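There are 4 protein chains.
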Amino acid sequence: MSKSRVQPLKQPSQQRSKLTVQAILEAAIHVFDEFGYAAGTTSRIASRAGVSIGSLYQYFPNKDSILTALAEQHMAEVLALSVRLLETLRTSTQALEPVLHDIVGHMIALHENNPGLHKLLYEEGLLPAQLRQTAKQAEQFLIEEVGRCLSLRPDVAAVADRQLQAYFVVHAIEHFTHRLVIDRAPMEFQLRGKAELVSMLQRYLRA
Amino acid sequence: MSKSRVQPLKQPSQQRSKLTVQAILEAAIHVFDEFGYAAGTTSRIASRAGVSIGSLYQYFPNKDSILTALAEQHMAEVLALSVRLLETLRTSTQALEPVLHDIVGHMIALHENNPGLHKLLYEEGLLPAQLRQTAKQAEQFLIEEVGRCLSLRPDVAAVADRQLQAYFVVHAIEHFTHRLVIDRAPMEFQLRGKAELVSMLQRYLRA
Amino acid sequence: MSKSRVQPLKQPSQQRSKLTVQAILEAAIHVFDEFGYAAGTTSRIASRAGVSIGSLYQYFPNKDSILTALAEQHMAEVLALSVRLLETLRTSTQALEPVLHDIVGHMIALHENNPGLHKLLYEEGLLPAQLRQTAKQAEQFLIEEVGRCLSLRPDVAAVADRQLQAYFVVHAIEHFTHRLVIDRAPMEFQLRGKAELVSMLQRYLRA
Amino acid sequence: MSKSRVQPLKQPSQQRSKLTVQAILEAAIHVFDEFGYAAGTTSRIASRAGVSIGSLYQYFPNKDSILTALAEQHMAEVLALSVRLLETLRTSTQALEPVLHDIVGHMIALHENNPGLHKLLYEEGLLPAQLRQTAKQAEQFLIEEVGRCLSLRPDVAAVADRQLQAYFVVHAIEHFTHRLVIDRAPMEFQLRGKAELVSMLQRYLRA
DNA sequence: AATGAATGAGGCTTCATTCAT
DNA sequence: TATGAATGAAGCCTCATTCAT
């Protein structure tokens, strides 16, 4: 509202910058996914992005910062999804199982592409301390929220330490979601695995 | 005659070699644990081992082979422990919970030291294809054995796909074991986590 | 508009690249000539070229490829010269001796600089198999052409095996050419040697 | 004379030393022949000789000295052979051709084994300056002797510079001898080549 | 801003040589 | 004297990053 649309004339540079940054991140996703972090060289990323190495360094101060940006992007997605799913969990009147199925399904969908990258992001100790800190805080927030939701549902057993339970739920979902995706198991196994994960969670949680 | 035979006169050279190899592996454990694989340089390993870089390469053809040796060593330990634990699982007449407690406890103990290294070993795609193959076979064997044991126990629910169940059990133990150790949570949390893991497994499995 | 077009506006980058490559090859010639292949290290070449080691590897994938480039360059020169000389041999109506003198003179001139390098190129088994193959084929072609030329001249004796004769001619020229240059004999000796080589060839060939 | 032969009792060590040295040189011949100088490592030589690397360095101060010893050995053989052949050349009343045939045949025979080694010895600039000096002197001596012999034969043309002629004879024999042997040409070609070499020399020399 | 050539620290590895046993 | 483990200088090469154009 504040900015009038009178001058569409200028800002091509900012526009272009964004495109370039996007192209680089896009390229980085594929390169890291395919080659891993160490072998995913900056020049590979630049050339895949169709951009010169110099331009890459115009937008990212160093290699780490590219991974960091990717991680932040992914964290945002996960958080956004989580918020939506929590909402479902909170408001849904369905039985536990279909809700869990929905959650797991969405989580798998989110990690289905570029599993190699997600492996990097979650498993290798590459992220800078600060971001790791942030991630932990987000996780902590998520765990707390999940804990609250679980407490609200009558079909979930009462437990002494709700936080701990939520911790296990969150990590079980995270881990097996990755596993199923990363192991590149045949689709048939992935489907059965998904069902079994839901089953495990359900048995773990049910009243 | 001059030299007393109290210490059996073993070939000093072989003795010394073994010590050197041990020192290198020992150092590699710590260096990889602390710096990760990429930043765990061979010269760091050598110098931490108190050995020249030349000696390192006298016993290991390249950097990879050091990690491989560590992996093989660890796999052997895991396998040996697994065999013992399976035996317990099979023969024990105890309730499920204490048996699971025992298993989880031993597994945590095995990974308690040098969690960073175990992360490398399990998570990063660094191991040579052949070893990864071997590891997968060992895991498959373990899963099958676990499946068999579960089938034998009357206190474990009958399920349609025992293999899948065993897969989840094995991986849940593996993952949370690492998690608890890697997160370097306070001991108090680790203890509660251990109990909760057992609880989760028990609920998942119980008839 | 502001910039005059006196100097055609060629891409400065490509220009610069070419200069760098030239500088590296130039330096390599001198370094290999002076130190031989083993002691002619890449960093010596780079520093003599006034270029960083990184630049060297930007244009040559490895040390071998530098020598290979030099060899290809030299082969091209030799071939070009040979073609010209063959033409002379074919068309000249002069007596054999002055023609031979001309040939030998040109060959010596071609090898006069950097004899150490030519030694490497011809004598040590350093060239990659493929290039050696090519060189052999070029030599074979040359021998055949020389054979044909010899057959055409009435002042050359008829012989049973023209190819073999040509083989000896080519190698005698090649060898003594190198010899005279490599032995770094005093100029006076080189001149007499040149004459004697011609004399030997003439006696060998004359009808 | 000075040392009485009364005590054959001691010197087993000297005896053994000689054997060891011989074994090392023998091994070095094969290793250099097969791998060349750079890749013919001292430990390869030692192990092929069935001797520890330490022992090798007991008898040879460094790697170069092994090659030097080999070169000296070969030079001695060449010289001894040359002396015998010169004698023949001097005293023989045969025609030039059979004498040359004999000479070339013997020279080829001397280089037939381990051509790779001879390539090293003659072609690569590996020999220490001092030895190269010695070799040159020996060659000079040989050339002079050959020159003298040629002068004595009535079937050899009188020439202005006998030394130069001898230089060409000696080097032509040396070079083509190596070529025929090193190129590992098929035996059939080697035979024809040998005949052609003799032919070339004969035409070069004949009155 | 964009380009890509240039940089050089630093990693892995080899191998001649030394030295403790 | 023999052994072979240990040494470490030095070579090749990579790749994140800088900088001239």
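Quick mapping for you: the protein sequence lines, in order, are chains A, B, C and D.
In this text, residue positions in the first sequence follow this note's numbering: the first is 13, and each later residue adds one.
In this text, residue positions in the second sequence follow this note's numbering: the first is 13, and each later residue adds one.
In this text, residue positions in the third sequence follow this note's numbering: the first is 13, and each later residue adds one.
In this text, residue positions in the fourth sequence follow this note's numbering: the first is 13, and each later residue adds one.
Ideal Cβ positions, reconstructed from N, Cα and C, are used throughout, including at glycine.
Computed from a prediction, not measured in an experiment: that's the story for all the values here.
Neighbour flag for residue i against chain C, beta carbons, 8 Å
i	result
D/H86	no
D/G205	yes
D/L176	yes
D/H130	no
D/H42	no
D/H187	yes
D/Q19	Residue confidence is low: D/Q19 scores 46 on pLDDT, short of 50, so the model does not pin down where it sits. Its coordinate-derived value is still stated next. Not one chain C Cβ lies under 8 Å of D/Q19.
Own chain residues within Cβ distance below 7 Å of residue i, not counting five before or after
i	result
A/V43	G52, R56, I57, R60
C/Y179	I155
A/H220	Any question about residue 220 of chain A goes unanswered here, given that chain A covers just 13 to 219.
D/Y69	none
A/Q202	L192
Beta-carbon spacing of residue i, residue j below 8 Å
i	j	result
D/L162	D/Q145	no
D/L93	D/H118	yes
C/T100	C/V90	no
C/V116	C/V210	yes
B/A83	B/L143	yes
D/E135	C/E136	yes
C/R215	C/L164	no
C/E157	C/L213	no
Own chain, CB closer than 8 Å to residue i, minus 5 neighbours either side, in chain order
i	result
A/V168	L108, L162, L217, R218, A219
B/E151	V182
C/E225	Nothing in the structure corresponds to residue 225 of chain C, since chain C is present only between 13 and 219.
A/Q166	Per the sequence shown, residue 166 of chain A should be read as Pro rather than Gln. Excluding positions up to five away in sequence, the list reads A219.
A/K22	Reliability fails at A/K22, whose pLDDT of 43 lies under 50, so the model's placement of it is uncertain and the value that follows must be treated cautiously. None.
is_contact[residue i, chain B] using C-beta, thresh 8 Å
i	result
A/F153	no
A/D173	yes
A/A219	no
A/R144	no
A/G48	yes
A/Y71	no
A/R60	no
A/H113	no
A/R191	yes
Per DSSP, cross-strand counterpart(s) of residue i
i	result
C/V168	C/R218
Own chain partners of residue i with C-beta closer than 6 Å, once the 5 adjacent residues on each side are dropped
i	result
D/I194	P127, K131
B/T189	M119, I120, H123
D/E186	none
A/K75	T54
D/G205	L192
C/S104	V111
Spatially closest choice to residue i from the options, by CA coordinates
i	options	result
D/D173	D/P110, D/L133, D/G159	D/G159
C/G66	C/I41, C/L192, C/V33	C/V33
C/S64	C/V210, C/F153, C/V116, C/A35	C/A35
D/A81	D/L98, D/A40, D/L213	D/A40
A/Y49	A/K30, A/L138, A/V116	A/L138
D/A88	D/Y71, D/Q26, D/E200, D/A147	D/A147
B/V171	A/D114, A/Y71, A/A207	A/A207
Cutoff 8 Å: residue i Cβ touching any chain A Cβ
i	result
B/K75	no
B/E135	yes
B/M212	yes
B/R215	yes
Any C-beta of chain D under 8 Å from that of residue i
i	result
C/F180	yes
C/H183	yes
C/G52	no
C/E208	yes
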